[in-house]
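Per our numbering, the sequence shown runs over residues 421 to 1355.
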Amino acid sequence: MSNEFLDRHLGPNEADIASMLRAIGQNSIDEVISKTVPEGILFGNQMALNEGLSERDALALATQLAAENIIATNFIGQGYYGTLMPSVIQRNILENPGWYTAYTPYQAEISQGRLEMLLNFQQMIVDLTGMDISNASLLDEPTAAAEAMMMAKRANRKNKSNKFLIDTNTHPQTITILQTRAKPLGIELVVKKIQDDDFSDCFAVLMQSPGTNGEVRDLTADIDKAKSHHVLTIVACDILALCLIKTPAEMGADIAIGNSQRFGVPMGFGGPHAAFLATKDEFKRMVPGRIIGVSQDVLGNPAMRMSLQTREQHIRRDKATSNICTAQVLLAVLAAAYGIYHGAKGLKKIATKVHLKAVTLANSLTTAGFQLENKVFFDTLTINTNQATTLFHQAQDQGINCRLLNNTQLTIAIDESTTTTQLSQLASIFDISLTHKAQNSVLNITRSSTYLTHPVFSLYHSETEMMRYLKRLENKDIALNHSMIALGSCTMKLNAATQMYPISLPGFSSLHPYAPAHQTKGYQQLFKDLEYALAEITGYDAVSLQPNAGSQGEFAGLLAIHAYHDSRGDSHRNICLIPSSAHGTNPASAVMAGMQVVIVKCDESGNIDIDDLQTKAEKYADNLAAIMVTYPSTHGVFEVEIQKICDIIHAQGAQVYLDGANLNAMVGITRMGEFGADVSHINLHKTFAIPHGGGGPGMGPIGVKAHLAPFLPGNPLEKNSNAVSAAMFGSASILPISWSYIKLLGKQGMQRSTEIAILSANYIANELKGYFPILYRGDQGLVAHECIVDIRPLKEKSSISEEDIAKRLMDYGFHSPTMSFPVAGTLMIEPTESESKREIDRFITAMISIYAEIQKVISGEWDKDNNPLKNAPHTALEMAEDWHYPYSRTTALYPVESLKQNKYFPPVKRIDNVYGDRNLFCTCPDITEFEGTPI
421 MSNEFLDRHL GPNEADIASM LRAIGQNSID EVISKTVPEG ILFGNQMALN
471 EGLSERDALA LATQLAAENI IATNFIGQGY YGTLMPSVIQ RNILENPGWY
521 TAYTPYQAEI SQGRLEMLLN FQQMIVDLTG MDISNASLLD EPTAAAEAMM
571 MAKRANRKNK SNKFLIDTNT HPQTITILQT RAKPLGIELV VKKIQDDDFS
621 DCFAVLMQSP GTNGEVRDLT ADIDKAKSHH VLTIVACDIL ALCLIKTPAE
671 MGADIAIGNS QRFGVPMGFG GPHAAFLATK DEFKRMVPGR IIGVSQDVLG
721 NPAMRMSLQT REQHIRRDKA TSNICTAQVL LAVLAAAYGI YHGAKGLKKI
771 ATKVHLKAVT LANSLTTAGF QLENKVFFDT LTINTNQATT LFHQAQDQGI
821 NCRLLNNTQL TIAIDESTTT TQLSQLASIF DISLTHKAQN SVLNITRSST
871 YLTHPVFSLY HSETEMMRYL KRLENKDIAL NHSMIALGSC TMKLNAATQM
921 YPISLPGFSS LHPYAPAHQT KGYQQLFKDL EYALAEITGY DAVSLQPNAG
971 SQGEFAGLLA IHAYHDSRGD SHRNICLIPS SAHGTNPASA VMAGMQVVIV
1021 KCDESGNIDI DDLQTKAEKY ADNLAAIMVT YPSTHGVFEV EIQKICDIIH
1071 AQGAQVYLDG ANLNAMVGIT RMGEFGADVS HINLHKTFAI PHGGGGPGMG
1121 PIGVKAHLAP FLPGNPLEKN SNAVSAAMFG SASILPISWS YIKLLGKQGM
1171 QRSTEIAILS ANYIANELKG YFPILYRGDQ GLVAHECIVD IRPLKEKSSI
1221 SEEDIAKRLM DYGFHSPTMS FPVAGTLMIE PTESESKREI DRFITAMISI
1271 YAEIQKVISG EWDKDNNPLK NAPHTALEMA EDWHYPYSRT TALYPVESLK
1321 QNKYFPPVKR IDNVYGDRNL FCTCPDITEF EGTPI
């Protein structure tokens, strides 16, 4: 079997495959698969899909679809705006695998570059909102609003009300997502004009500034009144407007949320974009998502790490503050780079230009007799006219999109990309001419505080300096362009350049998510293709592309189950069974969906304990809603009893939610929709090649059987639609990546990818079994697409932990496998099909070398506390200074010969996590603190 792209996608060639088969004692790939996958679900390749295209033909088809989308002149606004991404940022971040193929920065020592950019993002948000602390991104603005609502409910201990107040002048998509989130939690939403409320019966209130109709007003009096009743206040803000208008903090707000999209990130028909949540210091330990903090390494040098929420779902599970595992790191990096490149003066200049263009249009309209709803605005005008509908359609006929607020109101939003020519074309729709360019602002609540005063926002305004700064940061990190990242449960496979290319096509990147359907025909065909393909791959009957993260897919799937039970008069069903080995987001999502979590035991082989499952399914039969199960299991094996598990649950009238995290082991071999599952989320950023981006973006579409199809997420612009994302198709602009992946590999290519992923994992397990015990295997001695090596026996003899091995791997130039999940004291290894045998062997050599090093500790040749593993990682600066270790520089830094050809130096020593949590500092430190540290 061969096609042009498949041969590029797969790491091992035919000779490598033969060698790996010999090593594991198997005669063929078919034999490996038959011994790995239970016979009862080994359905074979039943996907009704075409064979793979050439790269040239796939690119041509993607370009054709992009061209079928109409790029209109957009004045819609409503949270999405045209932007101008600087080319230096597009070329050096967005289109650079050194940034987009990195993983979430759990291993902080080899993630200092993107951690610094995320810290810059937090500093930027803190400065613009005036708040004390910000997280490092959320999925979109409505999701941020929902997270703020839940945070306020937890934080407000003085107010026992169950009502959440939303101002009517809030974006409709935000109201819809809040409805979706509030219902399963029993929170009552009240949408009304806040000036008419006395705040006597609500625990928190959300206000939009500027409002969805463009109104800019001082919210201070409303916030003061709310506080007098112990009501927490949340302001949804526009970060470009905050360059000019009074900040949420200056108005007294407790929480500020918003979207950084208009800082140089394309609209992309809805995403991805980095939202944010900023708040006061007193609430810092309740903030959802990731927070980057400044700690120090063991030598006292400043170093960054994820603080507080690091892997929170794995630790707190059903008690986690949120189910969001990672968010939109790459987009936060892009927005931060935009802020750095422009600086405070540049941003204020952009904001002022946008505002004065809006004032110019406003003056022209009022001079001609049109009435405006608001006298004070930033960039959005609302025109009161009985001709609103007619004008809306006339504009659309001429390739201009406005927003029809209602039958008598039309809104127009100006943005950074708006030209004078476009304004003139818009003016002609109203049969008016533009007056002279406005010179004076109409804003009467301007900000008094300075912002972006840290040196990072003033040092890199020339392209040369910016280019070098970005390269310097990139060089601090390990991404897939340096070495394999064998993270179990994460599927760090090739993100091919051909698949990435379409995201930069204007036909995909420049569309507004609320553009009319006739302008989005190319996208609609792509969605149709992708939904069909995912249904064929999984065996489900319907697919929703809306969830913009795996966590949101979990939530959407559980909501579908809840709605299904509700439709049958079984609204009391609220028990969700979850195996003890489950990913931490599973119980967190179940709680968000209003369910009560009951844990099911696993046996010594890592499989679900069938007896315990049967007992609990019968015990909770009347109230049983669902089970959440991962397949293959998080232990890296295909459980033989999966069909029986499904039957036990269905016998009690409940549903099977199958977590799609490990779908890379099933494509073309089996289909979950056929062996008993009812719903799954599909991680496109794992199996279907959307890059991890250093911690996002991701996508988590859900597939369902026919009986759940009516309960899939609906239109976010329609009330009570069960929508989970701000846009109908989530982060639409990255869907062409997965579409391209499927088109390029085709039916046989995807099956072959699965087979090689399983073969590679078994090859690693076989080569390491003599050094590290393989914790779990299937009933015929094989693993699925990943394997777990047990470090605990060695730790007992040597005191060398899995963390020591993870840090030592950095000296060998590798990112560690997944550490202590799903079992403490282990490493979970997933090579994927994209890694060559040569690279896999290099990793195996590193692991065996580390084993030999551990033996030196056990034998007493090396001190148990002062050895290369305990002191790892080693930096270039250490090599250049006086050497105080009882082993050589070569042993520390070049333990294997291959490193002499390609050596990565971690920029910092091992980071002190305890110091970081005790001394939480989540904004940019003074630049002098970095004097003398390596860059």
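Don't be surprised by glycine CBs; every beta carbon is placed ideally from N, CA and C.
{"Query": "What number of angstroms, rounded off, separates the C-alpha of Asp1210 from the C-alpha of Gly1245?", "Result": "7 Å"}
{"Query": "If you follow the beta strand (DSSP E) that Met724 is in, where does it begin and where does it stop?", "Result": "Pro722 to Ser727"}
{"Query": "What's the C-alpha gap between Gln944 and Ile1047?", "Result": "33 Å"}
{"Query": "Assign Lys1284 to one of two classes, buried (16 or more other C-beta atoms within 10 Å of its C-beta) or exposed (fewer than that).", "Result": "exposed"}
{"Query": "Could you check which residue in Ala955, Glu1187, Gln542 and Leu473 has the C-alpha nearest to that of Asp1261?", "Result": "Glu1187"}
{"Query": "Using CA atoms only, rank isn't needed, just tell me which of Ser1279, Glu1273 and Ala1312 is closest to Ala1292.", "Result": "Ala1312"}
{"Query": "Got a sec: does the ligand GTP put a non-hydrogen atom nearer than 8 Å to the Cβ of Asn489?", "Result": "With respect to the ligand GTP, the structure offers nothing, as it holds no ligand at all."}
{"Query": "Identify the continuous alpha helix (DSSP H) that holds Ile1178 and give its terminal residues.", "Result": "Leu1155 to Leu1188"}
{"Query": "To which residues of the same chain is Ser924 closer than 8 Å at the C-beta, ignoring the five residues directly before and after it?", "Result": "Gln510, Leu514 and Glu515"}
{"Query": "Taking the CB atoms as reference points, tell me whether Gly959 and Gly1093 lie closer together than 9 Å.", "Result": "yes"}
{"Query": "Any idea what DSSP makes of Leu558, helix, strand or coil?", "Result": "strand"}
{"Query": "Just to confirm, are Pro1237 and Leu907 a CB contact at a threshold of 9 Å?", "Result": "yes"}
{"Query": "Which residue marks the beginning of the alpha helix (DSSP H) containing Ala955, and which one marks its end?", "Result": "Lys941 to Thr958"}
{"Query": "Please report how far the alpha carbon of Thr563 lies from the alpha carbon of Ala1272, in whole angstroms.", "Result": "49 Å"}
{"Query": "Does any CB atom of chain B fall closer than 9 Å to the CB of Gln484?", "Result": "In the displayed structure, chain B is absent; only one protein chain is listed."}
{"Query": "Within 10 Å of its beta-carbon, does Glu1298 have 16 or more other beta-carbons around it, so buried, or fewer, so exposed?", "Result": "buried"}
{"Query": "Near Ala1177, which residues of its chain fall below 6 Å by C-beta distance, leaving aside the five closest residues on each side in sequence?", "Result": "Asn1084, His1205, Thr1252 and Glu1253"}
{"Query": "Restricting to Cα atoms, I'd like to know which of Ala1143, Leu1247 and His762 is closest to Pro1213.", "Result": "Leu1247"}
{"Query": "Helix, strand or coil, according to DSSP, for Ile735 in the structure here?", "Result": "Residue placement at Ile735 is poorly supported in this model, since its pLDDT is 44, which falls under 50; the coordinates still yield a value, given next. Here Ile735 sits in helix by DSSP."}
{"Query": "Counting along the chain, where does the beta strand (DSSP E) carrying Ile803 start and finish?", "Result": "Thr800 to Asn804"}
{"Query": "If we call anything under 9 Å between Cβ atoms a contact, is Gln919 one with Asn633?", "Result": "no"}
{"Query": "Go through its chain and collect everything with a Cβ distance to Lys1127's Cβ below 7 Å, but skip five positions before and after it.", "Result": "Contrary to the premise, residue 1127 reads as His rather than Lys in this sequence. Same-chain partners within the cutoff: Tyr984."}
{"Query": "Where Asp1032 and Asp1332 are concerned, what is the direct C-alpha to C-alpha distance, given to the nearest angstrom?", "Result": "41 Å"}
{"Query": "Is Thr730 helix, strand or coil by DSSP?", "Result": "For Thr730, the predicted model reports a pLDDT of 47, less than 50, meaning its position is unreliable; a value from the coordinates is still stated below. Three-state result, Thr730: coil."}
{"Query": "Could you pull the start and end residues of the beta strand (DSSP E) that Val1099 belongs to?", "Result": "Val1099 to His1101"}
{"Query": "How is Pro922 classed by DSSP in three states: helix, strand or coil?", "Result": "helix"}
{"Query": "Let me check understanding here. Comparing Cα to Cα, which of Gln1168, Ile1220, Trp1159 and Lys948 lies closest to Trp1282?", "Result": "Ile1220"}
{"Query": "Classify Trp519 as buried or exposed, calling it buried when 16 or more other Cβ atoms lie within 10 Å of its own Cβ.", "Result": "buried"}
{"Query": "Which partner residues of Ser964 appear in the DSSP bridge assignment?", "Result": "Ile1122"}
{"Query": "For Gly606, tell me which candidate among Asn589, Ile995 and Phe584 has the shortest Cα-Cα distance.", "Result": "Phe584"}
{"Query": "Is DSSP giving Ser629 helix, strand or coil here?", "Result": "strand"}
{"Query": "When the Cα atoms are used, what is the spatial distance from Thr730 to Ala1296?", "Result": "Low per-residue confidence applies at Thr730: pLDDT is 47, beneath 50, and the placement is therefore not dependable, though the value from the model is reported in the following sentence. Spanning the two alpha carbons is a distance of roughly 28 Å."}
{"Query": "Using a Cβ-Cβ cutoff of less than 7 Å, which residues in the same chain neighbour Gln498 once the five nearest sequence positions on both sides are dropped?", "Result": "His591, Thr632, Arg823 and Tyr934"}
{"Query": "With DSSP as the reference, label Ile1047 as helix, strand or coil.", "Result": "strand"}
{"Query": "Here's the rule I'm using: 16 or more other beta-carbon atoms within 10 Å means buried, otherwise exposed. How should Thr866 be labelled?", "Result": "exposed"}
{"Query": "Select from Glu1222, Thr841, Phe425 and Ile449 the residue whose C-alpha is nearest the C-alpha of Thr1174.", "Result": "Ile449"}
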